[in-house]
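The sequence shown maps to residues 1265 to 1636 in our numbering. To keep things clear, I will list the structure first and then write my remarks on it.
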Amino acid sequence: MEIATCMNVNGTTLLLCVLVFCLLRVSHAAVPAVYVLGASMVDVGNNNYLPLSLAKANFPHNGLDYPDRKSTGRFSNGMNFADFFANKIGLPTSPPYLSLNSDATPPITGVSFASGGSGILNETGKTYIQVIPLAQQINYFSLVRNKLIQQLGQSNAQKHLSKSIFLFAFGTNDMLAYFNNGSTIPKQYTQQQYVDLIVSTFKGLLKMLYGLGARKMVVAGVGPLGCYPLKRKLIKDGECDVAVDFWSARYNDGLKLMLRDLKSESKDMNYVYFDMYGAMTNLFQNPKTYGFTDIKEACCGLGKLNADVPCVPTSSYCTNRKNHVFWDLIHTTEVVASIFADLLYNGTKKYAVPMNVKQLVESKFCETEKRN
Ligand SMILES: *[C@@H]1O[C@H](CO)[C@@H](O)[C@H](O)[C@H]1NC(C)=O
Ligand SMILES: *[C@@H]1O[C@H](CO)[C@@H](O)[C@H](O)[C@H]1NC(C)=O
Ligand SMILES: *[C@@H]1O[C@H](CO)[C@@H](O)[C@H](O)[C@H]1NC(C)=O
């Protein structure tokens, strides 16, 4: 109706009207769903359904600060990045794909395919016996998509998917696999070749998702992995492993370039890259600003920096989770996940490029409206 009124007036007013129209529309349900693909940073329970998997967190002390102290399978003391992200968007956390009844209609607000220990490469996570690699997560998504088409019809399903956000949190396990003690990957690839392989594999799979209707990609880079307790504990005085940090940054550089290329090849796609490396380095450099007193040691675990043993029922844990960056040897605390979700959703270009998620939601939505 607003558009029709605007048609009768001059160009300037028309522009203003379109803008107002967009703002009005954005205020309600601009994003119908969040589809989550990733590893443990965003796993909300898929691995609970993998009987053989060693990458699990559905036991104490995980979930210590979750409602009812429940161990849900999240690798966190409380909620994780996927929870806070959905909350920012105004949607419930997308439930684990494997928790859904295979006969039922999947929730219209999104599904999570994330699996702890998994990677972009099929080979990543083999040491955990059973994980869901990105390619398989996409296979599962295509099944959800088929049901969506049955439910909404081809055209409405396509509209739904083009407005939905696809959140990716991958790369940590792929990268760490190279540096694992006893890894055979260095025998097959140089570090640069391996980074390139991960990035090009990721690109191929993102294109596949584009082919399935995804248009809004939100992609997290990896953190400074050499500063995670798991790596710090191997270095004198608990300093960061600079080689691991260097290759983490190189992977992120490749990822950023790849996303830019992908966008230039598929003009109606939009993305946000989240610079987790920069965001976490900022926490390390300004711990007091955020109330952190410990940036090196894991809260839950045993041994050096509490990083010799993961967070299992026999591990000890810190009394104040709010002043630790790391929950266990490789995962952040709930409070860090919350800070990251804030930066990604509504932060400056420093950590969310080329735009933040709030802008992604608004800009693309209006482009779609104008074209129709
Ligand atoms: C990875 O696994 C999927 C099955 O989930 C398979 O279709 C694909 O070809 C595999 N990719 C590679 C590079 O082996
Ligand atoms: C790596 O593995 C070898 C042989 O399994 C072992 O002797 C060595 O201590 C390990 N190094 C580290 C840093 O864990
Ligand atoms: C986004 O950031 C702006 C400026 O920093 C702030 O005023 C606004 O409240 C934030 N909005 C949300 C939804 O967080």
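Where is the CB? At the ideal position from N, CA and C, for every residue including glycine. Since the structure is predicted, the reported quantities are computational estimates derived from the model, not experimental observations.
Using the Cα positions of Arg1479 and Ala1605, report the straight-line distance between them to the nearest angstrom.
-> 20 Å
With a CB to CB cut of under 6 Å and the five nearest residues on each side skipped, what residues in its chain are close to Lys1497?
-> Lys1568, Leu1569 and Ala1571
Give the single residue among Arg1585, Met1305, Ile1559 and Phe1348 whose Cα lies nearest to the Cα of Gly1502.
-> Ile1559
Proximity winner among Pro1360, Thr1545, Lys1495 and Ser1406, relative to Leu1314 (alpha-carbon distances) = Pro1360
Can you give me the start and stop residues for the alpha helix (DSSP H) that Ile1413 sits inside?
-> Leu1398 to Leu1416
Contact between the region 1443 to 1454 and the region 1360 to 1376: three or more CB pairs below 8 Å?
-> no
Could you check the C-alpha separation between Asn1344 and Arg1338 for me, to the nearest Å?
-> 7 Å
Any idea what DSSP makes of Met1481, helix, strand or coil?
-> strand
Lining residues of ligand 1 - beta-carbon closer than 6 Å to any non-hydrogen atom, in sequence order = Asn1386, Ala1399, Gln1400 and Asn1403
Would you tell me roughly how many angstroms separate the C-alpha atoms of Gly1417 and His1595, rounded to the nearest one?
-> 40 Å
Are the region 1545 to 1555 and the region 1518 to 1525 touching, with three or more C-beta to C-beta distances below 8 Å?
-> no
Could you give the uninterrupted runs of the alpha helix (DSSP H) lying entirely in the region 1300 to 1384, keeping only those of 4 residues or more?
-> 1345 to 1353
Please name the residue, chosen from Ala1303, Val1599 and Arg1333, that lies closest to Val1395 on a Cα-to-Cα basis.
-> Ala1303
Same chain, Cβ closer than 7 Å to Pro1574, neighbours up to 5 away in sequence not counted = Gly1565, Asp1592 and Leu1593
Alpha-carbon to alpha-carbon, Thr1612 and Ser1723 = With the chain covering 1265 to 1636 only, the question about residue 1723 has no answer from this structure.
Collapsed DSSP secondary structure at Leu1476 in the structure displayed = coil
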